[in-house]
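Trainee: Dumping the structure here so I can ask a few things about it.
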Amino acid sequence: MRINRVELRHTKMELVSPFETSLGVELFEEHIMVRVDGEGFSGWGEVVVEPTPSYSYETLTTAWHVLKDFLAPAILGKELPTVKDALAQFAWVRGHRMARAGVEAALSDLYARSQGISLSKFLGGTRDRVPAGVSVGLQPTIPQLIRTVEGYLKDGYKRIKIKIAPGRDLALVQALRKEFPSIDLQVDANSAYTLNDIAMLKKLDDYNLQLNEQPLGYDDIYDHSILQPQLTTPICLDESIYTLSDAAAALALGACKIINIKPGRVGGYTESIRIHDYCMKMNVPVWHGGMDESGIGRGGNIALASLPNFVMPGDISSSKRYYKEDIVDPPFEIDADSMMPVPTGPGIGVEVRMDRLEKVTVAKLELKTNA
Ligand code: OSB
Ligand code: MG
């Protein structure tokens with residue numbers, strides 16, 4: 019395969035409802051779509067950055083720079099028989115994992131399409147549908163939170179994750195448990211607490227939560243290893259796991275019992291699969307996180323989540339939970355069992371609707387070889 023063209027698009031898509039976390043409120047998602055072309059095929063990937071360095075240190079601007087000046091030039095015009103050969107061209111780049119993951123996603127979609135197989139099959143997926151959950155942002159009031167959760171339960175989601183933040187934690191969980199005693203419930207603090215909050219974190223143990231996601235520092239493993247033995251609720255790490263080495267260290271130290279895998283955070287499918295395989299060997303369950311992706315990123319997430327150790331429901335929801343109109347056809351939709359079907363068509367298995375993509379494109383850059 020010879021890559022003769024790379025296209026970058028800064029997109030801005032309006033969310034159906036504001037998404038508030040301990041990091042702030044989002045009304046739009048601004049990501050970068052990567053398209054790679056070769057031998058008459060096109061592949062698509064999504065770079066899950068945000069405008070600001072909040073969830074991650076990467077931003078729209080840093081990712082655009084790294085994509086334009088380093089990643090795209092590294093693969094353009096070369097004969098690259100496999101995705102592995104392509105990734106080797108920029109293996110020297112340190113960090114900037116979201117940017118790298120977007121390129122690996124686009125390349126994987128391209129190579130899978132050129133072989134006429136689904137991305138799920140290409141990555142080693144074994145299942146034709148994956149368990150799906152929904153991530154619920156902080157709501158203005160508790161009655162509103164209850165109504166919102168009720169709506170998602172009616173939409174068919176069997177697992178609810180709520181965002182929590184200091185002062186908006188225990189009361190939310192108590193109210194939800196009173197209203198919905200037996201739903202599968204988990205919380206995500208996005209690093210909002212410290213070990214000084216241990217009393218409140220312990221109280222959450224009384225509410226049968228499936229997990230507590232990233233309660234402490236975004237780059238911490240050690241404090242979590244102090245916290246986990248004092249809780250009965252399993253800690254799940256998100257932000258602080260960038261590599262297989264981080265995952266191995268976290269498990270060896272007892273910092274968590276579950277790991278959230280997001281290809282953007284760990285630098286792509288290859289590192290995701292290494293973490294997945296290691297956790298499987300260690301009997302540690304993983305689940306697929308989300309970054310409010312459009313259908314392009316969602317298609318990749320679903321393909322990756324079809325690997326066998328993604329046993330817990332992912333933050334993999336229907337397109338319409340995020341956007342009025344997705345940029346892929348058909349949009350993604352969960353089935354009656356709260357499962358997301360894995361597309362069987364080539365690559366991500368859905369069509370990128372260029373007319374809709376054009377409408378949400380803020381800036382576009384084309385990089386080409388001469389030949
Ligand atoms: O912490 O999991 C998170 C979205 C953006 C950044 C971080 C997170 C999230 C979500 C949404 O929780 C998950 C989704 O539905 O895509
Ligand atoms: Mg999280």
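Mapping of the sequence shown onto my numbering: position 255 corresponds to residue 273, and the numbering continues sequentially without gaps.
Where a beta carbon is used, it is the ideal one built from N, C-alpha and C, also for glycine.
Check whether the Cβ of Asn208 lies closer than 7 angstroms to any heavy atom of the ligand OSB, and answer yes or no.
Mentor: Because some heavy atom of the ligand OSB lies under 7 angstroms away, the Cβ of Asn208 counts as near it: yes.
Trainee: Any idea which residues DSSP pairs Gln204 with across the strands?
Mentor: Looking at the DSSP assignment, Gln204 forms a beta bridge with Lys179.
Trainee: Suppose only complete runs of 3+ residues qualify. What are the beta strand (DSSP E) ranges in the stretch 301–388, listed by chain order?
Mentor: With a minimum length of 3 residues, the continuous beta strand (DSSP E) runs that stay inside the stretch 301–388 are 304–306, 357–359 and 379–386.
Trainee: May I have the straight-line CA-CA distance separating Asp215 from Thr159, to the nearest angstrom?
Mentor: Using only the alpha carbons, I get a separation of about 23 angstroms.
Trainee: Cβ of Gly285 within 8 angstroms of Cβ of Gly308?
Mentor: For Gly285 and Gly308, no; Cβs fall outside 8 angstroms.
Trainee: Where DSSP assigns a beta bridge to Asn226, which residues make up the other side?
Mentor: Paired residues: none, contrary to the question.
Trainee: Smallest Cα separation from Thr379: which of Leu222, Ile50 and Ile293?
Mentor: Taking only the C-alpha atoms, the option nearest Thr379 is Ile50.
Trainee: Quick one: is the Cβ of Gln232 within less than 7 angstroms of any heavy atom of the ligand MG?
Mentor: Checking every heavy atom of the ligand MG against the Cβ of Gln232, one is found closer than 7 angstroms.
Trainee: Could you check where the beta strand (DSSP E) with Pro149 kicks off and where it finishes?
Mentor: Its beta strand (DSSP E) spans residues Arg147 to Pro149.
Trainee: For the beta strand (DSSP E) that Ile239 lies in, which residues bound it at each end?
Mentor: Taken as a continuous stretch (DSSP letters only), Ile239 belongs to no beta strand (DSSP E), as it is neither H nor E.
Trainee: Let me know the secondary structure DSSP gives Val43 once reduced to three states.
Mentor: Three-state result, Val43: strand.
Trainee: Taking 7 angstroms as the limit between beta carbons, can you name the residues of its chain near Lys386, skipping five residues before and five after?
Mentor: Excluding residues within five positions, the ones whose Cβ falls inside 7 angstroms are Asn22 and Arg23.
Trainee: Quick check: is any heavy atom of the ligand OSB less than 7 angstroms from the C-beta of Tyr73?
Mentor: True, at least one ligand heavy atom lies under 7 angstroms from that Cβ.
Trainee: Grab the span of the alpha helix (DSSP H) containing Glu168 for me, first residue to last.
Mentor: That run of the alpha helix (DSSP H) goes Ile160 to Lys172.
Trainee: Is the Cβ-Cβ distance between Ser209 and Gly235 less than 8 angstroms?
Mentor: Yes, they are a contact pair.
Trainee: Could you check where the beta strand (DSSP E) with Gly61 kicks off and where it finishes?
Mentor: From DSSP, the beta strand (DSSP E) with Gly61 extends over Phe59 to Val65.
Trainee: Determine contact between the stretch 35–44 and the stretch 149–157, defined as no fewer than three beta-carbon pairs at a distance below 8 angstroms.
Mentor: Cβ pair count under 8 angstroms is three or more, so yes.
Trainee: Cβ of Met116 within 8 angstroms of Cβ of Gly282?
Mentor: Yes.
Trainee: Take Pro233 and list the residues in its own chain whose beta-carbon comes closer than 8 angstroms to its own, dropping the five residues that flank it on each side.
Mentor: Excluding residues within five positions, the ones whose Cβ falls inside 8 angstroms are Ala207, Ser209, Ala210, Tyr211, Asp215, Leu219, His242, Leu245 and Ile253.
Trainee: Going by the DSSP bridge assignment, what does Ile279 pair with across the sheet?
Mentor: Beta-bridge pairing links Ile279 to His306.
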